[in-house]
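Okay, structure first, notes after.
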Amino acid sequence: MSTIDDAARWRDERRAAAAAHADALTRKQQAESQQARRLIAEFVERALRTGPAPVELRARSYDGRARYRTPLHGWYLRRDESVAVDTAGEFYVLSAPSSLGARLRGVTPAPSDPPLVLGAGGKDGESLDLTQALARVLEG
Numbered sequence: 001m002s003t004i005d006d007a008a009r010w011r012d013e014r015r016a017a018a019a020a021h022a023d024a025l026t027r028k029q030q031a032e033s034q035q036a037r038r039l040i041a042e043f044v045e046r047a048l049r050t051g052p053a054p055v056e057l058r059a060r061s062y063d064g065r066a067r068y069r070t071p072l073h074g075w076y077l078r079r080d081e082s083v084a085v086d087t088a089g090e091f092y093v094l095s096a097p098s099s100l101g102a103r104l105r106g107v108t109p110a111p112s113d114p115p116l117v118l119g120a121g122g123k124d125g126e127s128l129d130l131t132q133a134l135a136r137v138l139e140g
């Protein structure tokens, strides 16, 4: 009977440890997003004051074959124009499902929590520090 109790206790401990780990990860991501939001706010203030001027932002279809109008104006942060910041300081991943409606009416992307590293966890060479991306836009 004690082995059943030991197994149950071990499962409960593992479950608690996993929950604690998930909570710590969520807190870390929220802190990073807050830091990224501050960097973006400073960038937007400076860009609106000294340039470069914001451009009309477009979203790409998931397969990359189509581009869709959006109501957004701002600055692309990656050369492939997959992520951007709008003039209100919101961060966007500019992708949308392919559809005829999107071709006709455009799309309205939802803002996302900004990361400190764009493309983190992707292929080698595809990640870029947010500070570098913002500086590159300001350099023109």
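Numbering (UniProt numbering), first residue to last: 1 to 140.
From the three backbone atoms N, C-alpha and C, an ideal C-beta is built for every residue, glycine too.
Keep in mind the model is a prediction, meaning the values are calculated, not measured.
Residues in its own chain within less than 6 Å of residue i by CB, not counting five upstream and five downstream?
i	result
residue 143	The structure shown does not extend to residue 143, since the chain is modelled only from 1 to 140, so the question has no answer here.
K28	none
For residue i, collect the residues of the same chain with a Cβ closer than 8 Å to its Cβ; drop the 5 residues on either side in sequence, then sort them by chain order.
i	result
R67	R58, A59, R60 and S61
L118	L77, R78, V83, S127, L128, D129, L130 and A133
Figure out for me which residue from the options has the closest Cα to the Cα of residue i.
i	options	result
E81	Y92, A88 and P71	Y92
A110	T26, V117, D6 and S95	S95
E139	K28, S33, L77 and A16	L77
P71	G106, A135 and R79	G106
E90	R79, R11, G74 and E32	G74
S112	A18, A19 and Q30	Q30
R103	R11, R65, A24 and L118	R65
Compute the beta-carbon to beta-carbon distance between residue i and residue j, rounded to the nearest angstrom, for a pair I have assumed lies under 8 Å.
i	j	result
P114	A36	4 Å
I40	V85	5 Å
T87	P52	No, T87 and P52 are not in contact; Cβ-Cβ is about 12 Å, not under 8 Å.
L100	F43	With 8 Å as the limit, L100 and F43 do not qualify as a contact, their Cβ atoms being about 36 Å apart.
E32	L128	Actually they do not touch by this definition, with Cβ atoms about 15 Å apart.
Taking DSSP's pairing of strands, which residues face residue i in a bridge?
i	result
S95	R60
L128	L118
S33	Answer is none; S33 lacks a bridge partner.
H73	E56
R79	According to DSSP, R79 bridges with nothing at all.
S112	F91
V85	W75 and F91
Excluding the 5 residues flanking residue i on each side, which residues of the same chain have their C-beta closer than 7 Å to its C-beta?
i	result
E45	none
E56	H73
T108	T70 and P71
Q34	none
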